[in-house]
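Quick note on numbering: the sequence shown equals residues 1 to 538 in UniProt numbering. Virtual Cβ for every residue (Gly too), placed ideally from N, Cα, C. Remember, predicted model here, so these are calculated numbers, not experimental data. Presented below is the structure to which this report refers.
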Amino acid sequence: MGIVGESGSGKSVSARSIMQLLGKNAIVGEKSSIRFNGEEITEKTEKEMRKIRGKDIGMIFQDPMTSLNPTMKIGEQISESIQIHEEVSKKEAAKRTKEIMDLVGIPDVNERFAQYPHELSGGMRQRIVIAIALACHPKLLIADEPTTALDVTIQAQILELLKDIQEKTGTSILLITHDFGVVANMCENIVVMNQGKVVETGSTKEIFTNPKEDYTKRLLAAIPNLHEQKTREAKEKLIKIYSGTQEKILEVNGLSKHFPLGRNATLKAVDNISFEIFRGETLGLVGESGSGKSTTGRAILRLHEPTYGETIFNGLDINRFKNRQMKNMRKKVQFVFQDPYSSLNPRQKVEDIIGEALDIHKLAKSKLKRKQRVEELLDLVGLDRSFSQRFPHEFSGGQRQRIGIARALAVEPDFIVLDEPLSALDASVQAQIVDLLEDLQKKLNLTYLFIAHDLATVKKISDRVAVMYKGNIVELTDSEELFENPIHNYTKKLLSAIPVPDPHYEATGGQVSPDEELEITIEGQELTEVKPNHWVLQ
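So, in structure tokens, the structure goes:
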């Protein structure tokens with residue numbers, strides 16, 4: 001069963017109600033009833049609920065890093081649940097723990113058993129959270145946005161894992177998500193929620209093919225369409241780029257960023273990459289976590305100092321700039337961060353968050369001019385002017401991201417790096433932000449480097465797309481060509497892992513298994529043009 005809806009619709013609160021994990025200030029209505037295995041949960045004491053939680057009902061939380069104890073080893077966190085509910089010896093619990101770790105596809109079980117959460121990748125941490133939820137073989141598994149922040153390949157592995165576990169154990173799954181591709185892939189039935197209420201229920205096929213409520217139709221309409229054709233305007237832009245008549249704004253030559261790991265070891269996060277971006281263009285940069293996407297964006301703007309290479313912006317190599325020159329350059333190049341909450345100062349009002357850039361670069365001659373400019377920027381990103389007197393915690397994720405974009409626009413830049421700006425947002429909010437970015441690009445002639453792992457959104461917003469794998473760009477071409485005719489095996493693997501929001505497609509096995517063996521090698525350091533305007537590392 002899938003529960004879908006926008007942020008704030010009540011999905012997670014409903015799930016936490018089943019587990020009786022609401023705060024003490026929560027008011028439960030007199031007519032509320034939650035029956036599990038024929039028993040009324042709302043009438044149970046906290047002591048009785050502790051026997052049910054973890055044993056009969058398991059829960060996978062959205063953020064694996066914050067739901068794991070950073071001071072405890074992985075093995076201890078899983079075996080703790082087994083020892084609490086089944087009163088087995090420490091040795092037996094450890095044995096069971098390793099079996100469940102193996103079940104959820106964690107390699108090198110003995111080594112991982114003794115590691116801490118920070119030593120694992122996001123996908124591996126999510127597998128640990130699943131292992132904890134499954135440790136006592138629960139009858140019901142509640143999965144609250146279990147794949148939201150994961151790459152498409154890791155997401156596909158987690159979904160396959162949940163399906164496989166369900167077949168082996170007979171566990172029922174309540175899946176909470178805002179990704180309709182995941183719903184189509186996983187669920188037999190759907191509940192649609194809005195503002196704390198159920199607005200529609202039905203089989204997955206019924207909801208997708210014949211939605212009855214306007215809200216459901218709006219949610220479905222916000223899903224990016226992988227088969228949507230580029231507009232005439234976008235095609236004309238590509239013609240200018242490929243003919244050499246479009247002005248080049250950024251040229252990256254042999255850029256590398258290496259991090260020392262100790263004992264003479266080095267992590268080559270970005271390794272000798274080269275590409276160009278043209279004025280008014282959006283270049284998408286895709287790849288799995290750890291591929292070097294964000295490091296590339298930060299190295300271009302010297303938020304990470306590059307190890308080698310040139311970054312030519314408007315004809316000048318900014319890697320040679322001194323501090324004063326770089327400060328002036330930052331008026332022309334800006335960065336929008338992935339998490340709009342942690343990148344905004346929680347102690348500052350919006351007026352000061354946006355106005356700070358105006359102060360640093362002395363772009364407002366008076367307090368009145370500063371206030372007027374902040375209000376103009378709020379208008380530009382579709383926010384009410386009165387929001388300038390609020391703090392970040394008073395906004396939704398989508399609104400916070402708009403504030404981050406307004407801050408980047410304050411200095412009137414030519415080029416913006418957008419680092420996963422949509423990863424934590426609902427599909428409908430994502431669509432609004434994409435429309436906003438496209439509208440701003442036309443109005444202000446902006447150029448974007450759009451870093452993301454959501455390939456459907458990348459196809460919609462990008463003119464060209466570069467695919468990164470282990471610090472290298474392995475394929476680069478226009479977005480339609482890449483999705484229709486991928487050449488590098490890694491690109492094929494990425495595209496095959498996209499969950500398609502079509503239950504018929506999923507039911508007929510249209511999706512290639514992400515575990516299918518594809519030989520992925522990197523033999524060279526230069527992109528070769530194998531077709532007109534289609535470059536591949538080979």
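Take the Cβ of residue i as the centre, count every other Cβ of all protein chains shown within 10 Å, and call the residue buried at 16 or more, exposed below.
i, result
"L316", "exposed"
"A269", "buried"
"R324", "exposed"
"S428", "buried"
"K459", "buried"
"L358", "buried"
"A431", "buried"
"I239", "exposed"
"H393", "exposed"
"P70", "exposed"
"K293", "buried"
"D271", "buried"
"I27", "exposed"
"F415", "buried"
"I241", "buried"
"P514", "Below a pLDDT of 50, predicted positions are generally treated as unreliable, and P514, at 43, falls in that range; no measurement from the model is reported."
"G196", "exposed"
"D144", "buried"
"Q20", "buried"
"E516", "At E516, the pLDDT of 47 sits below 50, so the modelled position is not reliable and the matter cannot be decided from this model."
"P64", "buried"
"N185", "buried"
"P421", "buried"
"A114", "exposed"
Terminal residues of the continuous alpha helix (DSSP H) containing residue i?
i, result
"Y490", "N489 to S496"
"M19", "K11 to M19"
"K371", "K367 to L380"
"L219", "D214 to A221"
"I241", "R232 to S243"
"D352", "V350 to I360"
Ends of the beta strand (DSSP E) at residue i?
i, result
"L250", "K248 to G262"
"F450", "T447 to I451"
"I473", "N472 to D478"
"L527", "L527 to K531"
"L537", "H534 to L537"
"A466", "R464 to Y469"
Once DSSP output is grouped into helix, strand and coil, what is the label at residue i?
i, result
"N194", "strand"
"T204", "helix"
"V185", "It should be noted that the sequence gives Asn, not Val, for residue 185. Helix."
"I3", "strand"
"H178", "coil"
"K443", "helix"
"A456", "helix"
"A410", "coil"
"D435", "helix"
"S172", "strand"
"E344", "The sequence given here places Leu at residue 344; Glu does not occur at that position. If DSSP states are grouped into helix, strand and coil, L344 belongs with coil."
"residue 540", "The question about residue 540 has no answer here: the residues shown for the chain are numbered 1 through 538."
"A143", "strand"
"A427", "helix"
"V129", "helix"
"I416", "strand"
"D515", "Low local confidence applies: a pLDDT of 44 at D515 is under 50, so the model's placement there is unreliable, with the coordinate-based value given in what follows. D515 falls in the coil class under three-state DSSP."
"V152", "helix"
"G8", "coil"
"E40", "strand"
Please confirm if residue i has its CB atom under 8 Å from at least one CB of chain D.
i, result
"E228", "Among the protein chains of the structure shown there is no chain D, as only one such chain exists."
Worksheet item: Are the stretch 277 to 289 and the stretch 452 to 471 touching by the rule of at least three beta carbon pairs closer than 8 Å?
Response: yes
Worksheet item: At which residue ranges does the stretch 42 to 111 contain complete alpha helix (DSSP H) runs of 4 or more residues, listed in the order of the chain?
Response: 46 to 52, 64 to 67, 74 to 86 and 90 to 103
Practice prompt. Please list the segments of the beta strand (DSSP E) lying wholly inside the stretch 261 to 340, counting only runs of 3 or more residues, in order along the chain.
Written response: 265 to 278, 282 to 286, 308 to 313 and 333 to 336
Discussion item. Whether or not the stretch 167 to 180 and the stretch 1 to 10 are in contact is what I'm after, with contact meaning three or more pairs of Cβ atoms, one per stretch, closer than 8 Å; do they touch?
Written reply: yes
Fill in: Segment contact flag, the stretch 294 to 305 with the stretch 332 to 341, C-beta cutoff 8 Å, min 3 pairs
yes
Worksheet item: Can at least three beta-carbon pairs, one atom from the stretch 335 to 346 and one from the stretch 365 to 385, be found at a separation below 8 Å?
Response: no
Fill in: Contact between the stretch 143 to 157 and the stretch 104 to 123 (3+ Cβ pairs under 8 Å)
yes
Item to complete: Would you check if there are 3 or more beta carbon pairs closer than 8 Å linking the stretch 205 to 219 to the stretch 248 to 255?
Response: no
Worksheet item: Does the stretch 54 to 65 come within contact of the stretch 130 to 150, defined as at least 3 CB pairs closer than 8 Å?
Response: yes
Discussion item. Tell me whether the stretch 462 to 475 and the stretch 488 to 497 touch, counting them as touching only if at least three CB pairs, one residue from each stretch, are closer than 8 Å.
Written reply: yes
Worksheet item: Taking one C-beta from the stretch 71 to 91 and one from the stretch 28 to 42 each time, how about it: are there three or more such pairs within less than 8 Å?
Response: no
Practice prompt. Pair every Cβ in the stretch 40 to 49 with every Cβ in the stretch 79 to 94, then say whether three or more of these pairs are closer than 8 Å.
Written response: no
Worksheet item: Are three or more beta carbon pairs between the stretch 255 to 270 and the stretch 304 to 313 nearer than 8 Å?
Response: yes
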